[in-house]
Amino acid sequence: MPGSSPLPVSLPNFRKQYNLRHATARQQLLSQSLDLIRNVLLILFLLKYTRKTLIHLRGYGFVGSLQKLYRDTYKKLYGIFLSLPFVRDRVKADVDKAITDLEGKLVPSGPGTVNYKALPASGWTPEQVRAELEKLGSMEHTRWEDGRVSGAVYHGGLELSDLQAEAFKRFGVSNPIHPDVFPGVRKMEAEVVAMTLGMFGAPDDGAGVTTSGGTESILMACLAARQKGYAERGIKEPEMVLPETAHTAFRKAGEYFKIHVHLVPCPAPHYKVHAPT
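Numbering-wise, the sequence shown is residues 1 to 277 according to full-length UniProt numbering.
Encoded structure:
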């Protein structure tokens, strides 16, 4: 037909086909990229857990790994069993009875026992405080003074206790974190740390800190080891091997500081750890 041309008709079709091919190419590229990312993540996942499995087998051995798997499975199933409704009520009753028995043995009670749960309306006189201290000190207790307690009290006799009381009286309100205000306490702490380092053959540049007791000492030692491993070796998943009889503070440190704890059995009759295992 004169004056007509196929271009206006074919151009829209060409654009549609071009856009369709272009969109298909983008979808294919996106699909390939997603497949690549998924495969990389899968490989990393497999490598991570393959490495963990090999390390576990190296540490426990094949037989030991099977034994650990059995123990872990047994504990899990036993926990599920204890959570069943008809078992849970019986367990709760037994636990409540045990708690009541412990409270009866450990919590002071009986005639003349007063439990103070709020500050008094007016402050006590020194005589009242001394009388209460005398009452508390004379409560029935295990005779640690006669050496009948193991590991709970470090007692050097009354003469040493009197000397300790003098030292506490002299520095009772001191605050060691302010050495400019209490230089004497700072000096004593540094000397105690130096003496302890010398007992363990530490180098001249060795350092240390004082803690509030045995549990905190273990916690701080585990924390220091974890930080040292991360700073010097890049260890992000620290582990710790313990005998089952180790102080419970080590397990507490594992929970606090995300250190995986491996327990080594200490079987009867000697209850000693077998280091090669």
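Using N, Cα and C, we set each Cβ at its ideal position, and we do this for glycine too.
### Task
Could you have a look at VAL107 and say whether DSSP puts it in helix, strand or coil?
Reduced to three states, the DSSP call for VAL107 is coil.
### Message
With DSSP as the reference, identify every bridge partner of GLY77, one or two as the case may be.
### Response
The sequence shown places Leu at residue 77, rather than the Gly named in the question. LEU77 is not bridged by DSSP to any residue.
### Message
Check whether the segment 126-138 and the segment 149-157 touch, using three or more Cβ-Cβ pairs below 8 Å as the test.
### Response
No, they do not touch.
### Task
State buried or exposed for PHE250, treating a residue as buried only when at least 16 other CB atoms are found within 10 Å of its CB.
Burial call: buried.
#### Entry: LEU69 versus LEU57 - alpha carbon distance
In a straight line, the C-alpha of LEU69 is about 12 Å away from that of LEU57.
### Task
Kindly give me the distance between the Cβ atoms of TYR256 and LEU219, rounded to whole angstroms, as I take these residues to be in contact under 8 Å.
Confirmed, Cβ separation roughly 7 Å.
### Query
With 16 other CB atoms within 10 Å as the buried threshold, where does GLY254 fall?
When all chains shown are included, GLY254 counts as buried.
### Query
Exposed or buried, ARG226, counting other C-beta atoms within 10 Å across all chains shown (16 or more means buried)?
Looking at its Cβ environment, which holds 16 or more other Cβ atoms inside 10 Å, ARG226 is buried.
### Message
Can you look up VAL273 in the DSSP assignment and give me helix, strand or coil?
### Response
Correct three-state label for VAL273: coil.
### Query
How about PRO243 and VAL264: are their beta carbons less than 8 Å apart?
Inclusion of PRO243 and VAL264 in the CB contact set at 8 Å is warranted, their separation being smaller than that value.
### Any non-hydrogen atom of the ligand FMN within 7 Å of LEU29 CB
For the ligand FMN, the structure offers nothing, since it holds no ligand at all.
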